[in-house]
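S.K.: Counting in this note's numbering, the sequence shown runs from 15 upward without gaps.
Just so you know, even glycine gets a beta-carbon here, dropped at the ideal spot from N, CA and C.
Just passing along the structure, written as structure tokens.
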Amino acid sequence: MPTKERIAQQQVLQQFATQYKTNAETRKTINVLGISCSTINTDDETPRVPSSEKILNDALAYAKDAYDVVDTKLVKLRDISFAHCEANYSIKGEYCTWPCWISQRKKEDELLGVYNLLVDRADVIIIATPIRR
């Protein structure tokens with residue numbers, strides 16, 4: 015049986031989904047979501063923009079400049095607070111839920127907002143990951 019907290023989370027997600035569906039019917043844009051997965055060291059005295067993120071920024075800027083109907087958003091995973099996977103699926107399949115159970119139960123977890131962007135807002139998703147040898 016779902017807990018009160020889970021039911022409340024589902025209601026919030028349903029509100030987001032309804033809002034985005036309504037906006038999708040009236041909007042005239044293509045929503046492009048860029049996700050930077052780089053974890054560059056931010057403690058350096060001379061911080062730098064990761065190479066993969068530079069390319070992502072260029073791609074988003076190009077899409078926005080080339081097409082009037084494109085709306086872009088960039089999410090940097092290193093800048094948001096979220097709990098790491100607890101491998102719930104490997105323990106028991108029912109424990110791995112959508113949206114993530116960890117994000118639902120931890121109030122400081124900001125990954126729920128990223129889920130909403132991915133599922134309910136984005137028409138195009140570009141994921142930039144570090145390239146290391």
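Tell me whether the segment 78–86 and the segment 101–117 touch, counting them as touching only if at least three CB pairs, one residue from each stretch, are closer than 8 Å.
M.R.: no
S.K.: Would you call the CB atoms of residue 125 and residue 47 closer than 7 Å?
M.R.: no
S.K.: Residue 95 and residue 67 - do their beta-carbons sit closer together than 7 Å?
M.R.: no
S.K.: Out of 77, 102, 108, 104, point me to the one whose CA is closest to residue 138's CA.
M.R.: 77
S.K.: Within 10 angstroms of the Cβ of residue 29, are there 16 or more other Cβ atoms? Answer buried if so, exposed if not.
M.R.: exposed
S.K.: Here's the rule I'm using: 16 or more other beta-carbon atoms within 10 Å means buried, otherwise exposed. How should residue 118 be labelled?
M.R.: buried
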